[in-house]
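A.B. asks:
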Amino acid sequence: MLLSSLFASPRAVLELCVHSVLCIFASVFSKVRFLYRGACRGAQPLVSAVDSRPEQRAEDNATTPTSVNYHFTRKCNYKCGFCFHTAKTSFVLPLEEAKRGLKLLKEAGMEKINFSGGEPFLHERGDFLGKMVQYCKADLQLPSVSIVSNGSMIKEKWFQKYGDFLDILAISCDSFDEETNQTIGRTQGRKSHIENLYKIRSWCQQYKVAFKINSVINSFNALEDMTEQINQLNPVRWKVFQCLLIDGENAGEAALREAERFVISEQQFQEFLDRHSAVSCLVPESNEKMRNSYLILDEYMRFLDCREGRKDPSRSILDVGVKDAISFSGFDEKMFLKRGGVYVWSKADMKLEW
Ligand code: SF4
Numbered sequence: 001m002l003l004s005s006l007f008a009s010p011r012a013v014l015e016l017c018v019h020s021v022l023c024i025f026a027s028v029f030s031k032v033r034f035l036y037r038g039a040c041r042g043a044q045p046l047v048s049a050v051d052s053r054p055e056q057r058a059e060d061n062a063t064t065p066t067s068v069n070y071h072f073t074r075k076c077n078y079k080c081g082f083c084f085h086t087a088k089t090s091f092v093l094p095l096e097e098a099k100r101g102l103k104l105l106k107e108a109g110m111e112k113i114n115f116s117g118g119e120p121f122l123h124e125r126g127d128f129l130g131k132m133v134q135y136c137k138a139d140l141q142l143p144s145v146s147i148v149s150n151g152s153m154i155k156e157k158w159f160q161k162y163g164d165f166l167d168i169l170a171i172s173c174d175s176f177d178e179e180t181n182q183t184i185g186r187t188q189g190r191k192s193h194i195e196n197l198y199k200i201r202s203w204c205q206q207y208k209v210a211f212k213i214n215s216v217i218n219s220f221n222a223l224e225d226m227t228e229q230i231n232q233l234n235p236v237r238w239k240v241f242q243c244l245l246i247d248g249e250n251a252g253e254a255a256l257r258e259a260e261r262f263v264i265s266e267q268q269f270q271e272f273l274d275r276h277s278a279v280s281c282l283v284p285e286s287n288e289k290m291r292n293s294y295l296i297l298d299e300y301m302r303f304l305d306c307r308e309g310r311k312d313p314s315r316s317i318l319d320v321g322v323k324d325a326i327s328f329s330g331f332d333e334k335m336f337l338k339r340g341g342v343y344v345w346s347k348a349d350m351k352l353e354w
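The following block contains the structure:
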């Protein structure tokens, strides 16, 4: 009955053929699409008519907090004249709240956390910091956990307890001349900042933590040649920053520091870099590269937007979540990549000789 009616209508036969061909194409396309998505988990989704809706595009463009700097305390025992994260509050989040925020960041894509300050070893004599470092490595399994410190409060006991969980320890050192460190304020009393630096370097070796040095180039050290000492200390990276002014921190009326006398020109900075061109681990950071290429979280877990030359806070990720807060961070992802923000940052991948 069906066949006879079909043969009676050539138009119906044609429609049936076209329909079948379309069904075959649709089925093949949906299989290919499924396979593609399955094989590329984490890659950009396949672009389709549905995916090109504006809200989906916005989602795809959302910033991922791959590498985050958490300045969990502003307090410090040093008084560096150019400090651009000053002790404007003494607030520190309770440990459980800080851990909740770190977990939110991990869920949003964080791979590297850097703990900074203020001086991060000051609060609870480094135990608060140690617990966060352990949580990030052992519980959250972050590929990279690092700290930036002035080094003055670190004890060997800390390495014994928490060293396994730490990938990189960066110590700030702007000069190998004690007088210059005194002038800059990179010191506490008459303690030797440089002796301490060498001691920490040997602990890093002993407890298998990658050792890094950060230096701020300013009007007091711009003419120095540090090649010999840096080669001796042999850090995995030597970050060299151009002294930066931030309104409300080290410049302007509400600031706790007046850093104008520390500022150097682009040319002076370049001359310093040229003098150290033989140091292969040197990573330079001019003001331009530095300003918006860091995701900075303050003591309340608010992202700080530095685009206007000051630090404008977002709302806390603990209140509004990472996605909402990060949209106010002013973060320049392109500059982050251009300045080499992604590198081998897990000690397991560094192949270091301990
Ligand atoms: S060591 Fe110096 S630059 Fe670092 S937080 Fe303390 S005062 Fe500021």
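Numbered according to UniProt numbering, the sequence shown spans residues 1 to 354.
For every residue, glycine included, the Cβ atom is placed at its ideal position computed from N, Cα and C.
1) Counting Cβ pairs, one atom from each stretch, are 3 or more of them under 8 Å apart for the segment 262-269 and the segment 88-102?
2) Please go through the same chain and pick out, in chain order, the residues whose beta-carbon is closer than 8 Å to the beta-carbon of residue 49, but skip the five residues on each side of it.
3) Looking at C-beta atoms only, is the number of pairs between the segment 132-152 and the segment 108-123 that lie closer than 8 Å three or more?
4) Would residue 167 be called buried (16 or more neighbouring beta carbons within 10 Å of its own) or exposed?
5) Out of 261, 236, 292 and 119, state which residue places its alpha-carbon closest to the alpha-carbon of residue 346.
6) Comparing alpha-carbon positions, which option in 164, 234 and 259 lies nearest residue 212?
7) In chain order, what residues of the same chain have a beta carbon less than 8 Å from the beta carbon of residue 275, not counting five sequence neighbours either side?
8) Indicate, with yes or no, if the ligand SF4 has a heavy atom lying under 8 Å from the CB of residue 67.
9) To the nearest angstrom, report how far apart residue 170 and residue 214 are at their CA atoms.
10) Is the beta carbon of residue 123 within less than 8 Å of some heavy atom of the ligand SF4?
11) Cβ-heavy atom distance between residue 86 and the ligand SF4 below 8 Å?
12) Run through the DSSP bridge pairs and tell me what residue 147 is partnered with.
13) Using the rule of at least 16 other Cβ atoms within 10 Å of the residue's Cβ for burial, across every protein chain shown, is residue 342 buried or exposed?
14) Cβ of residue 172 versus every heavy atom of the ligand SF4: is any distance shorter than 8 Å?
15) Using 8 Å as the cut-off, can you tell me whether the segment 248-256 makes contact with the segment 215-223, which would need three or more C-beta pairs spanning the two stretches below that distance?
C.D. replies: Based on what the coordinates show:
1) no
2) By one-based count along the sequence shown, residue 49 stands at place 49. Residue confidence for residue 49 is low, a pLDDT of 33 falling below 50, so the modelled location carries little weight; the figure read from the coordinates is stated next. Closer than 8 Å at Cβ, skipping near neighbours: no residue.
3) yes
4) By one-based count along the sequence shown, residue 167 stands at place 167. Per the 10 Å Cβ criterion, buried.
5) Here residue 346 corresponds to residue number 346 of the sequence shown, with the count starting at 1. The shortest C-alpha separation from residue 346 is found at 236.
6) Residue mapping note: residue 212 aligns to position 212 of the sequence shown, counting from 1. Checked all of 164, 234 and 259; the closest Cα to residue 212 is 234.
7) As a first step, residue 275 is located in the sequence shown; it is residue number 275 there, counting from the start. Same-chain partners within the cutoff: 225 and 227.
8) Looking up residue 67 in the sequence shown gives position 67. No - the ligand SF4 has no heavy atom lying nearer than 8 Å to the Cβ of residue 67.
9) Position 170 of the sequence shown, counted from the start, is the residue given in the question as residue 170. Position 214 of the sequence shown, counted from the start, is the residue given in the question as residue 214. Going from the Cα of residue 170 to the Cα of residue 214 covers about 6 Å.
10) Residue numbering aside, residue 123 sits at position 123 when the sequence shown is read from its first letter. Every heavy atom of the ligand SF4 is 8 Å or more from the Cβ of residue 123, so no.
11) The residue labelled residue 86 in the question sits at position 86 within the sequence shown. Because some heavy atom of the ligand SF4 lies under 8 Å away, the Cβ of residue 86 counts as near it: yes.
12) Residue 147 sits at position 147 when you count from the first residue of the sequence shown. The partner list for residue 147 (beta bridge, DSSP) reads 115 and 169.
13) Mapped onto the sequence shown, residue 342 falls at position 342. Burial call: exposed.
14) By 1-based counting over the sequence shown, the position of residue 172 is 172. Yes, since a heavy atom of the ligand SF4 falls inside the 8 Å radius drawn around the Cβ of residue 172.
15) no
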